Amino acid sequence: MPFTPIHRALGAEPSDITVELLRQAAATGVPETADLEWKHTYNHHNPRGRDELAKDIAAMANSGGGTIVYGVAEDPDRKDLAGDVVGTRLPDGLDQMLHQVAWNDLRPSLSGIHHTVVPIEGDLSVLVVEVPGSPDAPHLVMREQQDDRRFLAPQRAGAHTVFMTERDLERAYRERFTRYQRTEQTVDRLFEQASRETHRDKVRFVGVAVPHAPVGRGRMERRAAREIVNTAQSSVNDLLDDGWSDAVELALGGWDVRNRLRRWTHSRRRHDQRVPERIVSVHFDGAIALTFDVDINQPFEVSSPYMEALLASVLSLSRASGQRLLYSGLVEIKVGLVWDDPEQNVWVLPQAHAWRGSSRLDGVPTAQFEPLIATVPLDVDGEAFMVLTRELALDLVNIGGVTRLYALREPETTSAPPR
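Quick note: the sequence shown uses numbering that gives the first Met the number 0, first residue 0, plus one each step.
Shown next as structure tokens:
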């Protein structure tokens, strides 16, 4: 359930945004703040309406995130306080329009926007736009000033929106680069930690994903961690061709769940040499990690189809964690194969039945596996998520010398999501 600045101001528990909640905010006179703005209407008939929407969204993203409400007037006698819930007429294709504004009208693009339409009466509704704080801030928008068009960076200053000064921009860019550096350091640390979680004499698949903006809200319950893994398992099954469900069961099924420092670990210890050891870590701040012993048939031989399934598992775990923690922005992923013997090559075998044994003549010896690192948006679903997963999986198996995919389904369309 969402918890917005409206809930905070009213002292309400997390809940969906309803007309009753909005009317309570109006009756109470909830004030505008740096993360809450009341707008009387959204004028989609005026070309400047889209420019104004882009400015409002960029200002919130540049100021740590917040909520913009279209269709609630300000109190005429008490400026900056919520007045009547009046509603506004919304355009057809609202989802597409908001997506286009976030991706095309802001520089750089912004992901992770959520919106809720609350019907009022007739064709009038309230539009609630929830904007995440962005690790890519400052976001710029194009504005006309004195017959000149230029890029400017809006930000919230209390209850108002202003444009950044040169000093503000200098500080914002410095903070952006610091965030990038910290995210990269966190990814490297988790990857190194995860690579030591299982047997050191095996080849391990290691994958981690870290949100660009930490999203944890306190401790995570055991049940929530189980639900994240179960949701991811269902998602990966939808991505794979028939015959590869055992890969997902081995990677994500039947877990022993234990609490560790600010995370839950899901593990199953092997009882014989042919059942791999694997560990999934679901962190309270939205990060995830997966370690899987992959050379279970022959030492130092790895099946490329299982690499596809494991890459899909990393992406699905990250998306399931984001859904649980209400985060749909960008994550940084790092996936690869690690082994401890520097004198030993690893063979990545491309055949569909490599898990049951195959010849090294069909594979390519790899002395060192360079990890795949990518920035991935979580606000993609369906076919777009499938296309994104296939692109990254192909990049991954290409590192091992394999030129095609075997386990992941072909999408019905070929259009890729923005990356």
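Think of the CB as a built atom: it goes at the ideal place given N, C-alpha and C, for glycine as much as any other residue.
Model, not experiment: these values are computed from the prediction.
Identified DSSP bridge partners for Q184: The residue you call residue 184 lines up with position 185 of the sequence shown. Q184 pairs with nothing; no bridge assigned.
Residues near T290 by beta carbon distance below 6 Å, same chain, minus five either side: Here the question's residue 290 lines up with position 291 in the sequence shown. So the qualifying residues of the chain are A193, E196, T197, R203, V205, I278.
Cβ-based neighbour list, S104, same chain, cut-off 6 Å, excluding 5 preceding and 5 following: Reading the sequence shown from its first residue, position 105 is the one you call residue 104. Going by the sequence as given, residue 104 is Asp instead of Ser. These residues qualify, in order along the chain: A53.
Nearest neighbour of R175, chosen from F162, H138, R222 [CA to CA]: Taking the sequence shown and counting its residues from 1, one reaches residue 175 at position 176. That would be H138, whose Cα lies nearest to the Cα of R175.
Bridge partners - W263, DSSP secondary structure assignment: Taking the sequence shown and counting its residues from 1, one reaches residue 263 at position 264. DSSP, once it has assigned bridges, lists N258, V281 as partnering W263.
Reference L80; option with closest CA among L21, S320, R267, K201: Translated into positions along the sequence shown, residue 80 becomes position 81. Among L21, S320, R267, K201, the Cα nearest to that of L80 is on L21.
Sufficient close CB pairs (3 or more, under 8 Å) joining the segment 126 to 140 to the segment 97 to 116: Verdict: yes, contact present.
Beta-carbon proximity list for A57, same chain, < 6 Å, skipping 5 on both sides: The sequence position of residue 57 within the sequence shown is 58, counting from 1. For A57, where only same-chain residues beyond five positions count, the Cβ hits under 6 Å are L105, H138, V140, P153.
Those residues which DSSP pairs with V116 across a bridge: The residue given as residue 116 occupies position 117 in the sequence shown. In the DSSP output, where bridge partners are listed per residue, V116 has L126.
S234 burial status per 10 Å Cβ neighbour count (16 or more: buried): As a first step, residue 234 must be located in the sequence shown, where it is residue number 235. Classification of S234: buried, given that the 10 Å Cβ count is 16 or more.
G64, DSSP secondary structure in three states: Residue mapping note: residue 64 aligns to position 65 of the sequence shown, counting from 1. Strand.
Exposure label - D76; buried when at least 16 CB within 10 Å: To locate residue 76, count along the sequence shown from 1; it is residue 77. Classification for D76: exposed.
Terminal residues of the alpha helix (DSSP H) in which S327 lies: Taking the first residue of the sequence shown as 1, we reach residue 327 at position 328. Where S327 is concerned, there is no enclosing alpha helix (DSSP H), given that its DSSP letter is neither H nor E.
Cut-off 6 Å between Cβ atoms - residues of its own chain near T185, not counting five sequence neighbours on either side: The residue you call residue 185 lines up with position 186 of the sequence shown. Closer than 6 Å at the Cβ level, and outside the excluded window around T185, lie V209.
Candidates V396, V345, T164, M385: closest to E307 by CA position: Here the question's residue 307 lines up with position 308 in the sequence shown. The option with the nearest alpha carbon to E307 is V396.
Distance, W338 Cα to P364 Cα: Here residue 364 refers to the residue found at position 365 of the sequence shown. Here residue 338 refers to the residue found at position 339 of the sequence shown. Distance between the alpha carbons of P364 and W338: 14 Å.
Chain-order list of residues whose beta-carbon lies under 6 Å from that of S280 (same chain, five-residue window excluded): Numbered from 1 along the sequence shown, position 281 holds the residue referred to as residue 280. Within the same chain, S280 has close Cβ partners R262, T264, A288.
DSSP three-state assignment for Y69, whether helix, strand or coil: The sequence position of residue 69 within the sequence shown is 70, counting from 1. Strand, per DSSP.
Whole-angstrom C-beta distance between T87 and Y41, which should lie under 8 Å: On the sequence shown, residue 41 is found 42 positions in, with the first residue counted as 1. On the sequence shown, residue 87 is found 88 positions in, with the first residue counted as 1. In this structure, Y41 and T87 form a Cβ contact; the two beta carbons are roughly 5 Å apart against a cut-off of 8 Å.
Buried/exposed call for F190, threshold 16 Cβ in 10 Å: By 1-based counting over the sequence shown, the position of residue 190 is 191. So F190 ends up on the buried side.
Run of the alpha helix (DSSP H) containing V421, from where it starts to where it stops: This structure does not reach residue 421, given that the chain is present from 0 up to 418, and the question cannot be answered.
Of the residues H98, F162, M96, A26, the one placed nearest A72, counting alpha carbons only: To locate residue 72, count along the sequence shown from 1; it is residue 73. Selected option, being the one with the closest Cα: A26.
For S302, three-class secondary structure by DSSP: Against the sequence shown, residue 302 aligns to sequence position 303. Here S302 sits in strand by DSSP.
Residue burial classification, Y172 (beta-carbon count within 10 angstroms, cutoff 16): As a working mapping, residue 172 is identified with position 173 in the sequence shown. It is exposed - the Cβ of Y172 has fewer than 16 other Cβ atoms within 10 Å.
For D380 and R188, the rounded distance between their alpha carbons: On the sequence shown, position 189 is the one that residue 188 refers to. On the sequence shown, position 381 is the one that residue 380 refers to. Each residue's alpha carbon lies about 29 Å from the other.
Integer Cβ distance of F368 from G335, believed to fall under 8 Å: Residue numbering aside, residue 368 sits at position 369 when the sequence shown is read from its first letter. Residue numbering aside, residue 335 sits at position 336 when the sequence shown is read from its first letter. So it is a contact: roughly 5 Å between Cβ atoms.
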